[in-house]
Structure formats: C-alpha cells, structure tokens
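First the structure, in the form of structure tokens, and then the observations on it.
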Amino acid sequence: ILNVEQSPQSLHVQEGDSTNFTCSFPSSNFYALHWYRWETAKSPEALFVMTLNGDEKKKGRISATLNTKEGYSYLYIKGSQPEDSATYLCANFGNEKLTFGTGTRLTIIP
Amino acid sequence: DVKVTQSSRYLVKRTGEKVFLECVQDMDHENMFWYRQDPGLGLRLIYFSYDVKMKEKGDIPEGYSVSREKKERFSLILESASTNQTSMYLCASRTGGPYEQYFGPGTRLTVT
Chain L
1 ILNVEQSPQS LHVQEGDSTN FTCSFPSSNF YALHWYRWET AKSPEALFVM TLNGDEKKKG
61 RISATLNTKE GYSYLYIKGS QPEDSATYLC ANFGNEKLTF GTGTRLTIIP
Chain A
1 DVKVTQSSRY LVKRTGEKVF LECVQDMDHE NMFWYRQDPG LGLRLIYFSY DVKMKEKGDI
61 PEGYSVSREK KERFSLILES ASTNQTSMYL CASRTGGPYE QYFGPGTRLT VT
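Going down the list, the protein sequences come from chains L and A.
Just so we're aligned: 19 in my numbering is position 19 of the first sequence, and the numbers increase by one with no gaps anywhere.
Just so we're aligned: 101 in my numbering is position 101 of the second sequence, and the numbers increase by one with no gaps anywhere.
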C-alpha cells in the first residue's frame with residue numbers, strides 16, 4: 001500500500017444497524033493514524049488519533065481499532081443514528097503532515 | 001473554544017484574476033495547512049507552514065503560493081486563477097507532532 005485507501009466509498013445503513021469501514025495505509029515507518037468526521041456544511045472534526053499497534057479507542061457509539069503491522073484500521077459505529085450521516089476520513093501522519101484517504105460517505109436511512 | 005476561520009465561504013472569480021484566501025487560527029499553533037477537496041480525490045495538500053515565514057510545498061503546489069507573516073495567519077494565493085482551480089479550499093492548523101488537526105469551514109471557489 002503506497003497511499004491511504006478507504007473502503008467502501010459509500011454506504012447506506014438502516015437506522016439502528018451497526019456498521020464498519022476500513023482504512024489501509026503503508027505499514028512501514030508508521031507514526032500515527034487519524035480519523036475525522038466531516039458532516040455536510042461543517043468542518044472536518046477529529047474523532048481519533050491512534051499510535052499504538054492493537055490500540056482501540058472509543059467515543060460514544062463510535063470506536064476504532066489499529067493494526068500497524070498489516071497497515072489497517074477499522075471504524076465501527078454501533079446502532080447508527082441519522083446524525084452519523086457524514087463522510088469519514090482517515091489520514092496517515094508522517095513528516096509533520098497528513099495524507100488523507102478519499103473517505104467513506106455514510107448515509108443513515110431513517 | 002478552538003477556532004479556525006476563513007475569510008469567505010463562497011467566492012466567484014474570473015479567469016486570470018489574482019485571488020487571496022485568508023485563514024486565521026486562535027490557538028497559537030505552529031503548523032498551518034491549505035488543502036483542496038475535489039469529488040473522488042479527497043483532501044489534497046497544497047502548501048503547509050511550520051513557522052512564521054516558513055513554507056513547504058505539499059502534493060499539488062502548482063499555480064499556488066502562500067504567505068505567513070504572522071503566526072496566526074496563513075494566506076493562499078492564486079496568482080492567475082484558472083477554471084481547474086474551482087474547488088473547495090480548506091485551511092487547518094495543528095500544534096507540532098501527530099496531534100489532531102483543526103479545520104476551518106472551507107471556501108468554495110468558483111473560477112469562471
């Protein structure tokens with residue numbers, strides 16, 4: 001993996017269902033992995049900054065895991081709500097800058 | 001409350017015009033960034049600055065320049081706007097290190 005890749009590109013999920021999506025990044029020279037949520041007409045906001053292999057972070061119904069050896073991170077949303085509709089971005093930190101994936105656009109269907 | 005502000009939410013300019021996009025942060029952050037966001041391409045780094053008067057090219061610097069005369073302010077300049085610079089421009093700031101980045105609300109620039 002040379003760049004940061006996210007899948008799927010978009011996702012429609014029924015309200016109340018749980019979901020997850022993936023971020024893949026170069027596993028060599030890893031420093032940190034960021035997750036951001038970007039709601040329409042708002043600024044991207046940080047969800048998690050992850051640095052340790054095996055790390056798991058949680059914020060309410062959203063959690064993320066990190067595997068630095070194989071170069072991937074999962075973001076999980078439990079019991080999706082309409083306010084979870086957003087684009088979720090992951091970014092690989094290196095040389096004082098972030099390289100972003102193209103995002104996963106999540107739409108929650110009421 | 002942390003804040004990054006951008007001078008305009010929407011801007012319409014003509015081809016060939018010189019365009020200034022201003023960004024101000026109130027968090028005393030060392031690092032500031034300019035990105036553009038285009039459908040299917042994600043956020044791409046144009047330029048960043050890690051200190052006053054310091055700048056580094058990002059991934060797509062062609063057609064742009066920047067200025068950082070004061071720590072809180074980072075300006076993006078389109079020397080001669082072209083239609084392919086129509087995009088959403090986002091400014092961000094961060095303290096040094098792998099910490100979370102704070103973004104402005106974005107400027108949607110249309111070049112006609």
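Glycine included, every Cβ here is placed at the ideal spot set by N, Cα and C.
Buried or exposed: where does S73 of chain L fall if 16 or more other Cβ atoms within 10 Å of its Cβ makes it buried? Taking the first sequence and counting its residues from 1, one reaches residue 73 of chain L at position 73. Buried.
Tell me, please, whether the CB atom of K97 of chain L is closer than 8 Å to any CB atom in chain A? On the first sequence, residue 97 of chain L is found 97 positions in, with the first residue counted as 1. With 8 Å as the cut-off, K97 of chain L counts as an interface residue toward chain A.
Buried or exposed: which applies to I46 of chain A, given that a residue is buried once 16 or more other Cβ atoms fall within 10 Å of its Cβ? Position 46 of the second sequence, counted from the first residue, corresponds to residue 46 of chain A. Classification for I46 of chain A: buried.
Looking at K124 of chain A: is its Cβ nearer than 8 Å to the Cβ of D28 of chain A? Missing from the structure shown is residue 124 of chain A; chain A here goes from 1 to 112 and no further.
Along chain L, in chain order, which residues have C-beta atoms closer than 8 Å to that of L41 of chain A? Walking along the second sequence from the start, residue 41 of chain A turns up at place 41. Contact annotation for L41 of chain A against chain L: T102 [CB-CB distance below 8 Å, chain order].
Given a cut-off of 8 Å on the beta-carbon distance, is the pair L43 of chain A and L90 of chain A in contact? As a working mapping, residue 43 of chain A is identified with position 43 in the second sequence. As a working mapping, residue 90 of chain A is identified with position 90 in the second sequence. Closer than 8 Å, so yes.
Hey, does Y88 of chain L have any beta-carbon neighbour from chain A nearer than 8 Å? Start at 1 with the first residue of the first sequence, and residue 88 of chain L comes out as number 88. Y88 of chain L has a beta carbon lying at 8 Å or more from every beta carbon in chain A.
Should Y10 of chain A be flagged as near chain B, meaning a C-beta pair shorter than 8 Å? The structure shown has no chain B; the protein chains it does contain are L and A.
Do you know how far the Cα of S24 of chain L is from the Cα of A64 of chain L? Position 64 of the first sequence, counted from the first residue, corresponds to residue 64 of chain L. Position 24 of the first sequence, counted from the first residue, corresponds to residue 24 of chain L. Computed Cα separation, rounded: 13 Å.
Within 8 Å, strictly: CB atoms of L33 of chain L and L75 of chain L: Counting from one through the first sequence, the residue named residue 33 of chain L turns up at place 33. Counting from one through the first sequence, the residue named residue 75 of chain L turns up at place 75. Result no, Cβ atoms of L33 of chain L and L75 of chain L do not sit closer than 8 Å.
Give the secondary structure of E83 of chain L by DSSP, where H, G and I count as helix, E and B as strand, and everything else as coil. Along the first sequence, read from residue 1 onward, the residue named residue 83 of chain L stands at position 83. Here E83 of chain L sits in helix by DSSP.
Name the residues in the segment 62-81 of chain A whose C-beta lies less than 9 Å from a C-beta of chain L; which are they? none
Using the rule of at least 16 other Cβ atoms within 10 Å of the residue's Cβ for burial, across every protein chain shown, is F95 of chain L buried or exposed? As a first step, residue 95 of chain L must be located in the first sequence, where it is residue number 95. Strictly speaking, residue 95 of chain L in this sequence is Asn, with Phe absent from that position. It is exposed - the Cβ of N95 of chain L has fewer than 16 other Cβ atoms within 10 Å.
Where T107 of chain A falls: helix, strand or coil (DSSP): For the purposes of this step, residue 107 of chain A is identified with residue 107 of the second sequence, where counting begins at 1. If DSSP states are grouped into helix, strand and coil, T107 of chain A belongs with the strands.
Output the boundary residues of the beta strand (DSSP E) element that contains Y31 of chain L. In the first sequence, the residue the question calls residue 31 of chain L occupies position 31. Where Y31 of chain L is concerned, there is no enclosing beta strand (DSSP E), given that its DSSP letter is neither H nor E.
Check distances from the C-beta atoms of the segment 9-26 of chain L to those of chain A and list, in chain order, the residues that come in under 9 Å. Q9
Residues that S43 of chain L contacts on chain A, provided the C-beta gap is smaller than 9 Å: On the first sequence, position 43 is the one that residue 43 of chain L refers to. By Cβ distance, chain A contributes V4, L90, A92, Y102, F103, G104, P105, G106.
Please name the residue or residues paired with K69 of chain L in a DSSP beta bridge. The residue labelled residue 69 of chain L in the question sits at position 69 within the first sequence. According to DSSP, which records beta bridges pairwise, K69 of chain L is partnered with nothing at all.
To which residues of the same chain is T21 of chain A closer than 6 Å at the C-beta, ignoring the five residues directly before and after it? Position 21 of the second sequence, counting from 1, holds the residue named residue 21 of chain A. The sequence given here has Leu at residue 21 of chain A, not Thr. Correct list, in chain order: L76, Y89, T107.
May I ask whether a heavy atom of the ligand SAM can be found less than 7 Å away from the beta carbon of T87 of chain L? Here there are no bound small molecules, and the ligand SAM is not part of this structure.
Can you grab the Cα-Cα spacing for the pair R9 of chain A / D38 of chain A, in whole Å? On the second sequence, residue 9 of chain A is found 9 positions in, with the first residue counted as 1. On the second sequence, residue 38 of chain A is found 38 positions in, with the first residue counted as 1. One C-alpha to the other measures close to 16 Å.
Within 9 Å of chain A by C-beta, residues of the segment 57-69 of chain L in sequence order: none
By Cβ distance, which residues of its chain are closer than 8 Å to L11 of chain A, with the 5 residues on each side in sequence left out? For this step, residue 11 of chain A is matched to residue 11 along the second sequence. Excluding positions up to five away in sequence, the list reads V19, L21, T107, R108, L109, T110.
What's the call for N53 of chain L, buried or exposed, on a 16-neighbour Cβ count within 10 Å? Position 53 of the first sequence, counted from the first residue, corresponds to residue 53 of chain L. Answer is exposed; the Cβ neighbour count stays below 16.
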